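Engineer:
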Amino acid sequence: MLGMKNKEISIFMDRMGDLLEFKGENVFRVNAYRKASRILDQLTEDIEKMEAEGRLRQIQGIGEGIAKDIRDYLATGTIERYITEKKDIPDSALEMMSIPGVGPKSASLVYKELGLKNIDELEKAIQEGKLRELSGFGPKKEENILRGIQLYREGSSRMLLGPAFLLVDEILEYMKPVKAIQRIEPAGSFRRRKESVGDIDILVTAKDPRAVIQHFVKYPGIIDVLGAGDTKSSIRIKGNLQVDLRVVEEDSYGAALQYFTGSKEHNVKLREIARQKGLKVGVYEGDKKIAGKEESDVYESLGMNWIPPELREDIGEIKLAQEGRIPPLLEFKDLKGDLHCHSTWSDGKHPIEELAEYTQKMGYEYLAITDHSGSLKVASGLSSGDLHEQIKEIKSLNRKYQGFTLLTGNEVDILSDGSMDYPDEILKELDFVIASLHIASKKDEKGNTERILAAIHNPYVTTIGHLTGRMIGERDPYPMDIEAIFKAAAETGTALEINSSYQRMDLKDVHARKAYEMGVILSMGTDTHSIDTFRDVRLGISIARRAGIPPEKILNTWPLEKIHQFKLNKMKKLIR
DNA sequence: GCCGTTTTCGGCCCGACTGTTTTCAGTCG
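Residue numbers for the first sequence follow this note's numbering, so the first one is 3 and each next one is one higher.
Shown next as structure tokens:
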């Protein structure tokens, strides 16, 4: 499965970074491992395959040393150098560095001087007043660490992008009455639309910064005010999420927005480029500071095009911007319809007519009705007879609409033997067929892959729904040979879905990018069961943008005729 | 540990904030 080893080694490299940092190694050596971890996490190729083809050293940031570590891991399942470096330092000692306010210096100091081996012992030592005996430690620091421990135990809470959108909407709405605010915009990983965010950053320009802060710290649902200065405030809200708000001068708004949007790696690379040009990027004072009212000023003064936030992960976007080759990215206005939703015919909450009415108001030209097929009893799947009745209803409704069309369709279950839950004669009649795995094996990679491949080779299947089956934080992706699947999808002219429901987000960004690179067309579906989730299309758009997929590779940007043609083309190709 | 049309050695992003200090170290983003 693509990414299996990538992920494992990425985690290993990150731990290696922690370990070296704890031991007080050269920070650049530490960073080299951190960087390697990130590279492996975002790599769209299978590391095992690259190693087999002798291409490890072609990856920027992987040198001879780390290449050896990777080969080591692939051969033995562990990394020799890691074991040597680690010796008898327990993992629980390294874990102390995860506490906010405790870094490598403090963690290794208390380990060496006081023999503290884990967080519990650290807590006890503070309570017994032992920590303040160490130089550099005082009562404030003790208090800070105790609070950090408490926070860490409550669970490092990352919020999924879906709920984050709702929260940001709510905060912006709450801040609206403050007259002093001129501009207000979320920055950080939310603005980059990462699938989960660790905190929310909000950037403001205002005539009266104090009025803004004073209002902000009274936000309902607040648990704690972590800090409230003249221009910056941090609060903690329910769910243990931190929200930072900063007020900056209008003249440096663009530079600040750039800085606080990140990613860190993207900014590091920009500063390197700035340094070469004798410039400085940043929001703070400096001789040759690039100030900028607009964010595009920053990028332009560095000799490149403005880069959409979703691409700012230092995975090649800077080079593209320098060459003026940033691709146009998907926007809501490009979308002509939604291609996955459920009605009262199966487990949806609303009758077809209401779904149609709602999506017309969103400005869509079409909507595919894709209820479940018969085998999926838990979701009240439709029998063949039901489906025929539903097709009749859709055709009758379509006669009422102008400039809007309902597509007949279904989310057909892929059965355990890889066959489809309806016979071909029925699938043939439908405008849009999604084939989905709803029950799959957690172990049988080969079996899962074969079922998907069988569906892809069915001439009437338009797209594969929520391919990997993951439910973020609840269920891991089912193991499957992603590359073989992408290849088959590209060859047969089968689309793959970007499922936008907030817990699925499946395909995820890295996979969507890989699929696009391999020539696959993507379809977007909200998998709506209740009309308030049609708005989750913005999650799908986020994935497509982070994947760098141009709009014309997304089925939903096409006119209806072309979607029909897509299905016909596949049928022509596969039926002889 | 990685990298190189300034370098195979000597660099590697950088400033704010906090607490403990009295000139600075550690942490964070």
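We put the beta carbon where it would ideally sit given N, CA and C, even for glycine.
The structure presented is a predicted model; accordingly, all values stated were derived computationally and were not measured.
Between the region 380-387 and the region 336-353, can you find at least three pairs of beta-carbon atoms closer than 8 Å?
Structural biologist: With a cut-off of 8 Å, the region 380-387 and the region 336-353 count as touching, because enough Cβ pairs lie within range.
Engineer: Is the Cβ-Cβ distance between T263 and V250 less than 9 Å?
Structural biologist: Residue 263 sits at position 261 when you count from the first residue of the first sequence. Residue 250 sits at position 248 when you count from the first residue of the first sequence. Contact: no.
Engineer: Just curious, the alpha helix (DSSP H) that P188 is in, first and last residue?
Structural biologist: Counting from 1 along the first sequence, the entry for residue 188 is found at position 186. Premise fails: P188 lies in the beta strand (DSSP E), I183 to P188, not in any alpha helix (DSSP H).
Engineer: Taking the alpha-carbon of T535 as reference, which of D511, I474, R273 and S502 has the nearest alpha-carbon?
Structural biologist: Residue mapping note: residue 535 aligns to position 533 of the first sequence, counting from 1. Considering only alpha carbons, the answer is S502.
Engineer: For the beta strand (DSSP E) that I225 lies in, which residues bound it at each end?
Structural biologist: If you number the first sequence from 1, residue 225 lands on position 223. Segment I224 to A230, the beta strand (DSSP E) holding I225.
Engineer: Please state whether DSSP places M306 in a helix, a strand or coil.
Structural biologist: Taking the first sequence and counting its residues from 1, one reaches residue 306 at position 304. Coil.
Engineer: Do you know how far the Cα of E267 is from the Cα of Y1?
Structural biologist: Residue coverage of the chain in this structure runs from 3 to 578, which leaves residue 1 outside it and unanswerable.
Engineer: Are the beta-carbon atoms belonging to L524 and I556 less than 9 Å from one another?
Structural biologist: Here the question's residue 524 lines up with position 522 in the first sequence. Here the question's residue 556 lines up with position 554 in the first sequence. Yes. Within cutoff.
Engineer: Give me the residue from E312, E302 and D336 with the minimum Cα distance to G326.
Structural biologist: For the purposes of this step, residue 326 is taken as the residue at position 324 of the first sequence. It is E302.
Engineer: Out of I275, V206 and A276, which has the shortest C-alpha to C-alpha gap to A182?
Structural biologist: The sequence position of residue 182 within the first sequence is 180, counting from 1. Out of I275, V206 and A276, V206 has the C-alpha closest to the C-alpha of A182.
Engineer: Just to confirm my understanding: we take K516, look at its own chain, exclude 5 residues before and 5 after, and list those with CB closer than 6 Å. What are they?
Structural biologist: In the first sequence, the residue the question calls residue 516 occupies position 514. Once the five neighbours on either side are set aside, the close Cβ partners of K516 are T46.
Engineer: Any idea if E315 is buried or exposed, counting beta-carbon neighbours within 10 angstroms, 16 or more meaning buried?
Structural biologist: Locating residue 315 in the first sequence gives position 313, where the first residue counts as 1. So E315 counts as buried.
Engineer: DSSP state of M15, grouped into three classes?
Structural biologist: Mapped onto the first sequence, residue 15 falls at position 13. Here M15 sits in helix by DSSP.
Engineer: Quick check: the region 476-487 against the region 439-456, are there 3 or more CB pairs under 8 Å?
Structural biologist: Cβ pair count under 8 Å is three or more, so yes.
Engineer: Who are the near neighbours of R57 in its chain, counting only those whose CB is closer than 8 Å to its CB and skipping five residues on each side?
Structural biologist: Residue 57 sits at position 55 when you count from the first residue of the first sequence. So no residue of the chain qualifies.
Engineer: For my contact list, D336 and P553 are in at a C-beta cut-off of 8 Å; report their separation, rounded to the angstrom.
Structural biologist: Counting from one through the first sequence, the residue named residue 336 turns up at place 334. Counting from one through the first sequence, the residue named residue 553 turns up at place 551. That belief holds up - the Cβ atoms of D336 and P553 are roughly 4 Å apart, short of 8 Å.
Engineer: Decide if S544 is buried, meaning its Cβ has at least 16 other Cβ atoms within 10 Å, or exposed.
Structural biologist: Here the question's residue 544 lines up with position 542 in the first sequence. Looking at its Cβ environment, which holds 16 or more other Cβ atoms inside 10 Å, S544 is buried.
Engineer: Given this structure, state the Cα-to-Cα distance separating E185 from Q152, to the nearest angstrom.
Structural biologist: For the purposes of this step, residue 185 is taken as residue 183 along the first sequence, with counting starting at 1. For the purposes of this step, residue 152 is taken as residue 150 along the first sequence, with counting starting at 1. Correcting the residue type first, residue 185 is Arg in the shown sequence and not Glu. One C-alpha to the other measures close to 35 Å.
Engineer: Going by CA-CA distance only, name the one from L570, Q129 and P211 that's closest to G231.
Structural biologist: Taking the first sequence and counting its residues from 1, the one referred to as residue 231 is at position 229. The shortest C-alpha separation from G231 is found at P211.
Engineer: Would you report the Cα separation of G241 and L469, rounded to the nearest angstrom?
Structural biologist: Start at 1 with the first residue of the first sequence, and residue 241 comes out as number 239. Start at 1 with the first residue of the first sequence, and residue 469 comes out as number 467. Each residue's Cα considered, the two are about 30 Å apart.
Engineer: Would you decide whether K444 is buried or exposed? Buried here means 16 or more other CB atoms lie within 10 Å of its CB.
Structural biologist: For the purposes of this step, residue 444 is taken as the residue at position 442 of the first sequence. Answer is exposed; the Cβ neighbour count stays below 16.
Engineer: On the criterion of 16 or more Cβ atoms from any shown chain inside 10 Å, does T528 qualify as buried, or is it exposed?
Structural biologist: The residue labelled residue 528 in the question sits at position 526 within the first sequence. With 16 or more other Cβ atoms within 10 Å, it is buried.
Engineer: What is the DSSP secondary structure of R1, counted as helix, strand or coil?
Structural biologist: Because the chain here runs from 3 to 578, residue 1 falls outside it and cannot be looked at.
Engineer: Determine the burial state of P561: buried for a count of at least 16 other Cβ atoms within 10 Å of its Cβ, exposed for fewer.
Structural biologist: The residue you call residue 561 lines up with position 559 of the first sequence. By the neighbour-count rule (16 or more Cβ atoms within 10 Å), P561 is not buried but exposed.
Engineer: With DSSP run on the structure shown, which of helix, strand or coil describes K9?
Structural biologist: The residue given as residue 9 occupies position 7 in the first sequence. K9: helix per DSSP, three-state reduction.
Engineer: With H, G and I counted as helix, E and B as strand and the rest as coil, what does DSSP make of Q129?
Structural biologist: Your numbering for residue 129 matches position 127 in the first sequence. Three-state DSSP puts Q129 in a helix.
Engineer: Spell out the partners DSSP gives S236 in its beta bridges.
Structural biologist: Stepping through the first sequence from its first residue, residue 236 is reached at position 234. Paired residues: G229 and D246.
Engineer: Which whole-angstrom value is the C-beta distance of E53 and I68, which I expect to be below 8 Å?
Structural biologist: Here residue 53 refers to the residue found at position 51 of the first sequence. Here residue 68 refers to the residue found at position 66 of the first sequence. Incorrect: roughly 12 Å between the Cβ atoms, too far for contact.
Engineer: Let me make sure I understand the geometry here. Which of L541, V199 and P461 has the alpha-carbon closest to that of I500?
Structural biologist: Your numbering for residue 500 matches position 498 in the first sequence. It is L541.
Engineer: Three or more C-beta pairs closer than 8 Å, one from the region 354-366 and one from the region 425-438: is that the case here?
Structural biologist: Cβ pair count under 8 Å is below three, so no.
Engineer: E434: which of L369, I416, R477 and A456 sits nearest, CA to CA?
Structural biologist: One-based indexing of the first sequence puts residue 434 at position 432. For the sequence presented, residue 434 should be read as Phe rather than Glu. That would be L369, whose Cα lies nearest to the Cα of F434.
Engineer: From what residue to what residue does the alpha helix (DSSP H) around T78 run?
Structural biologist: Position 76 of the first sequence holds residue 78. Per DSSP, T78 belongs to the alpha helix (DSSP H) from E66 to T78.
Engineer: Using DSSP with H/G/I as helix, E/B as strand and the rest coil, what is F406?
Structural biologist: Here residue 406 is taken as the residue at index 404 of the first sequence, counted from 1. F406: coil per DSSP, three-state reduction.
Engineer: Whole angstroms is fine: what's the gap from K142's alpha carbon to L174's?
Structural biologist: One-based indexing of the first sequence puts residue 142 at position 140. One-based indexing of the first sequence puts residue 174 at position 172. Distance between the alpha carbons of K142 and L174: 34 Å.
Engineer: Under 6 Å Cβ to Cβ from V227, same chain only, skipping five residues before and after it: list those, please.
Structural biologist: Position 225 of the first sequence, counted from the start, is the residue given in the question as residue 227. Within the same chain, V227 has close Cβ partners V219 and I237.
Engineer: Measuring CA to CA, which of P188, T465, V512 and I91 is closest to S259?
Structural biologist: To locate residue 259, count along the first sequence from 1; it is residue 257. The amino acid at residue 259 is misidentified as Ser; the sequence shows Leu. Nearest C-alpha to L259: P188.
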